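In what follows, a single structure is set out as structure tokens and then discussed.
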Amino acid sequence: MRRLQLLLLLMLVSFSASAQSPAKSDAEARIKRGIDFVYNLEFENADKAFNEIIQEQPNNPAGHFFLAMVDWWRILIDIDNEQYDDRFYDALDDVVEMCDDLLDQNPTDINALFFKGGSIGFKGRLKAHRSSWFDAANAGRKALPIVQEASELDPNNYDILLGSGIYNYYAEVIPNEYPFVKPLLLFVPPGDKTKGIQQITMAAEKGKYAAIESSYFLMQIYYQFERDYPKAMELAVKLHTRFPNNMLFHKYVGRCFVVTSQWEKMKETWQEISNRCQKKQRGYGAGTEREAEYYLGVYDMTMSMYEPALKHFYRCDELSREVDKDGPSGFMVLSNMKVGNIHDLQGKRDLALAQYRKVLDMKDYKDSHRQVQQFIDSPFRK
């Protein structure tokens, strides 16, 4: 989860759904409704809502931008599938061109600045997901002055605070997490993570369009970097309750139960996720099923139900071989390690040793090689 793509998707100062309102209040309400459709993965309804806005206001970048955001979530829920990439890039390029025309007429057009910055930021986010680091960094370089200008023009706009907060937080945190990134940040202002959290929190509480995305970012910040799991849990539950079909929010609820050792709630949540995967509900694909199998295996192993646990870990390994494109994932490494642990607990030392040596042939994930070497030297015990 904490892959390097966080670096640029976060320091890119993406505007996400944080944009100014179109001229008509009715269109504003419909855009909010369309945004809700997006987050609940009701893509057909979202497409319809934003296309209606485009038909009524063809020269307003709002409808075009948010229509592109539907494809963004199509991409996000199946990140290894690149079928929507070109359409997404083309749509954002069109928004930038439209905004440039508006800015030629009025250089301080706040709407045009918002949507131009948002489009550049989102192009960078996808480039980062695709490991196109130079293109992602270049997008960040272009987006930063736009968000700064928008902030100066409208300092009391809560939606703007999302972009400012994202930058402030990650510009301080990312160099510490990934020191080799520091050269990319030499020519940008220093960050302030405390201020960043305050700004994103304000956007989550008072933003017009950015509230949901701000809550999403806060949830990730508290879970992945701050490790403030109660706060992450509160946000995850809130988002999942509001958008029950969104598998990303659903998974964060399950993850929070894992790290807080709420075992029965953990099992219930991941079993529900697994059930949705079996039903092939939108977003609940092989990657999500793989994660569910792993955590269900962890639950069974914790409860000393070793045979059911082995079945989950074997299935996790099988799914990893299906979805891992760049070598063994963390789930593959850890599931194989835990198979060895279970064999040790069952007194099957030869099988355990074979499993540990298998893990040594995989990449070293979070000190996995050192751990399995310890298990080779001395059998695993609870």
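First residue of the sequence shown? That's 16 in our numbering, and the numbers climb one at a time after it.
Quick reminder that beta carbons are idealized off the backbone N, C-alpha and C, glycines included.
Remember, it's a predicted structure, so these values are computed and weren't measured experimentally.
> Which word fits R48, buried or exposed, when buried means at least 16 other C-beta atoms lie within 10 angstroms of its C-beta?
Replying inline: exposed
> Helix or strand or just coil, what does DSSP make of Q20?
Replying inline: The pLDDT assigned to Q20 is 46, lower than 50, so where the model puts this residue is not dependable; a value taken from the coordinates is nonetheless given after this. Correct three-state label for Q20: helix.
> How long is the line joining the alpha carbons of A158 and G133, rounded to whole angstroms?
Replying inline: 8 Å
> Anyone know if the C-beta pair for M262 and V273 falls short of 8 Å?
Replying inline: no
>> So, does the region 217-224 touch the region 187-194, judging by three or more C-beta pairs under 8 Å?
In response: no
> G211 and G178: beta carbons closer than 8 Å?
Replying inline: no
> Between the C-alpha atoms of C114 and K246, what's the straight-line distance to the nearest angstrom?
Replying inline: 38 Å
>> In whole angstroms, give me the CA-to-CA distance for F81 and E333.
In response: 37 Å
> Is Q98 helix, strand or coil when you go by DSSP?
Replying inline: coil
> Just checking my contact of R45 with I68 at CB under 8 Å: how many whole Å lie between their CB atoms?
Replying inline: 6 Å
> If we ignore side chains and look at the alpha-carbon of each, how far apart do D315 and E322 end up?
Replying inline: 8 Å
> To which residues of the same chain is N74 closer than 6 Å at the C-beta, ignoring the five residues directly before and after it?
Replying inline: none
> In its own chain, which residues sit with a C-beta less than 7 Å from the C-beta of T216, not counting the 5 before and 5 after it?
Replying inline: L233
> What's the C-alpha gap between S383 and V348?
Replying inline: 8 Å
> So the alpha helix (DSSP H) F240 belongs to, where does it begin and stop?
Replying inline: Counting along the chain, F240 falls outside any alpha helix (DSSP H), and DSSP gives it neither H nor E.
> Which residues in the same chain as A38 place their Cβ atom closer than 8 Å to its Cβ, once the five residues preceding and following it in sequence are excluded?
Replying inline: Low confidence applies here, because A38 scores a pLDDT of 46, under 50, leaving its location unreliable; read the following figure in that light. Q72, N75, listed in sequence order.
> Whose C-beta lies closer than 6 Å to the C-beta of R385 among residues of the same chain, with five residues either side of it excluded?
Replying inline: none
> Are the Cβ atoms of K378 and P343 separated by less than 8 Å?
Replying inline: yes
>> Suppose contacts are defined by Cβ-Cβ distances below 8 Å. Is I92 in contact with G298 by that definition?
In response: yes
> Roughly how many angstroms separate the alpha carbons of F328 and G139, rounded to a whole number?
Replying inline: 36 Å
> Which residue comes first and which comes last in the alpha helix (DSSP H) that contains K411?
Replying inline: Summary: the structure shown does not reach residue 411, with the chain confined to residues 16 through 397, and so no result is reported for it.
> So, helix, strand or coil for I92, using DSSP?
Replying inline: coil
>> Nearest by alpha-carbon distance to V354: which of L375, K381, K326 is it?
In response: K326
> Grouping DSSP H, G and I as helix and E and B as strand, with all else coil, what is R257?
Replying inline: helix
> For T209, is the classification buried or exposed, using 16 other Cβ atoms within 10 angstroms of its Cβ as the cut-off for buried?
Replying inline: exposed
> Taking the alpha carbon of E249 as the point to measure from, which residue in E57, I90, N260, V268 has its own alpha carbon closest?
Replying inline: V268
>> Quick check: the Cα distance between I175 and T317, rounded to an integer number of angstroms?
In response: 45 Å
> Ends of the alpha helix (DSSP H) at K210?
Replying inline: 208-221
> Quick one: Cα of E279 to Cα of R242, how far?
Replying inline: 21 Å
> Hey, which unbroken runs of the alpha helix (DSSP H) at 4 residues or more fall wholly within the region 295-367?
Replying inline: 301-317, 321-338, 345-360
> What is the C-beta distance between Y244 and T275, in whole angstroms, given that I count them as a contact (C-beta under 8 Å)?
Replying inline: 5 Å
>> Can you tell me whether Q70 is helix, strand or coil according to DSSP?
In response: helix
> In chain order, what residues of the same chain have a beta carbon less than 7 Å from the beta carbon of R305, not counting five sequence neighbours either side?
Replying inline: C331, L334, S335, V338, F346
> Among residues of its own chain, excluding the 5 on either side of E164, which ones have a beta-carbon nearer than 7 Å to its beta-carbon?
Replying inline: L128
> What's the call for Q235, buried or exposed, on a 16-neighbour Cβ count within 10 Å?
Replying inline: buried
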